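Residue numbers (my numbering): 17 to 170. Each residue gets a CB set at the ideal place from its N, CA and C atoms; glycine is no exception. Keep in mind it's a predicted model, so treat the numbers as computed, not measured. Following: one structure in structure tokens, then a few remarks.
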Amino acid sequence: MPRYRLHVNSRMRTVDSSDADKPLLYVLRGLGLTATKFGCGLGQCGACTVLVDGTAVQSCQMTVANAQGKAITTLEGLGSAAKPHPIKIAFIDERVPQCGYCTSGMIMSAAALLSKKRKPSESEVRSALEVNLCRCGTHVRALRAVMMASGQRG
């Protein structure tokens, strides 16, 4: 059976899979990283967003073979319990989560934006989060949280 070496949350992981086209989402969840959610499976909702080499990627659309050799970060790898990433703190402070299903994907999309642009405009934040669907309607709070994490709102 083929083996894939993945660099996940700063740790090398080896995954056995007979299916090179297996979605990265399934592999991550199989590793116990369940913050990455299965939403639509079609790349249309953003619930499965992770960072791949620092870029927000919908893990349901990336194969395990294509993920090999890339740095993958899930919500579990974004900061730590002792020192959470600023976007996690802002999402809590702004009370963004409702049901919480979209939250992980939104946080990962926001983290990717903030790593590339320290002080994004409101328009840039909206654009970065537009791939993340939220049925609870927390987009306005998510927008405020990203602006807060960027130091533009307190």
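Taking 8 Å as the cut-off, decide whether the C-beta atoms of residue i and residue j are in contact.
i: E138; j: M163; result: yes
i: V66; j: M28; result: no
i: V121; j: K53; result: The residue asked about is misnamed: residue 121 is Gly in this sequence, not Val. Yes, the pair counts as a contact, with Cβ atoms nearer than the cut-off.
i: V31; j: L22; result: yes
i: V112; j: K86; result: no
i: L149; j: C61; result: yes
i: A161; j: G70; result: no
Candidates the options: which alpha carbon is nearest residue i's?
i: L47; options: V80, K133, G121 and K135; result: V80
i: E92; options: Q84, T119 and Q114; result: T119
i: P18; options: R111, S33, H155 and C150; result: S33
i: P136; options: K99, Q168 and A98; result: Q168
i: G59; options: K86, P102, M78 and A161; result: M78
i: S75; options: V147, V156 and R151; result: V147
Any idea what DSSP makes of residue i, helix, strand or coil?
i: V147; result: coil
i: Q74; result: strand
i: P102; result: helix
i: D109; result: helix
i: L58; result: coil
What does the alpha-carbon distance come out to for the pair residue i and residue j?
i: A63; j: C56; result: 8 Å
i: R142; j: A126; result: 10 Å
i: L159; j: I88; result: 24 Å
i: A165; j: Y20; result: 35 Å
i: K132; j: A144; result: 11 Å
i: A72; j: P102; result: 17 Å
i: A98; j: A83; result: 29 Å
i: T50; j: S96; result: 16 Å
i: L94; j: L44; result: 15 Å
i: G153; j: E110; result: 14 Å
i: C115; j: N25; result: 25 Å
i: F107; j: P100; result: 11 Å
i: K104; j: D35; result: 34 Å
In terms of residues, what are the limits of the alpha helix (DSSP H) holding residue i?
i: M28; result: Not the alpha helix (DSSP H): M28 falls in the beta strand (DSSP E), residues R27 to D32.
i: L130; result: T119 to K132
i: A161; result: H155 to A165
i: A81; result: V80 to A83
The beta strand (DSSP E) spanning residue i covers which residue range?
i: I50; result: The sequence given here places Thr at residue 50; Ile does not occur at that position. Per DSSP, T50 belongs to no beta strand (DSSP E) and is neither H nor E.
i: A97; result: Premise fails: A97 is in no beta strand (DSSP E) and is neither H nor E.
i: L22; result: R19 to V24
i: L91; result: Element bounds for L91: n/a, residue is neither H nor E.
Give a yes or no on whether the minimum CB-CB distance between residue i and chain B is below 8 Å.
i: P113; result: Looking for chain B here will not work: only one protein chain is present.
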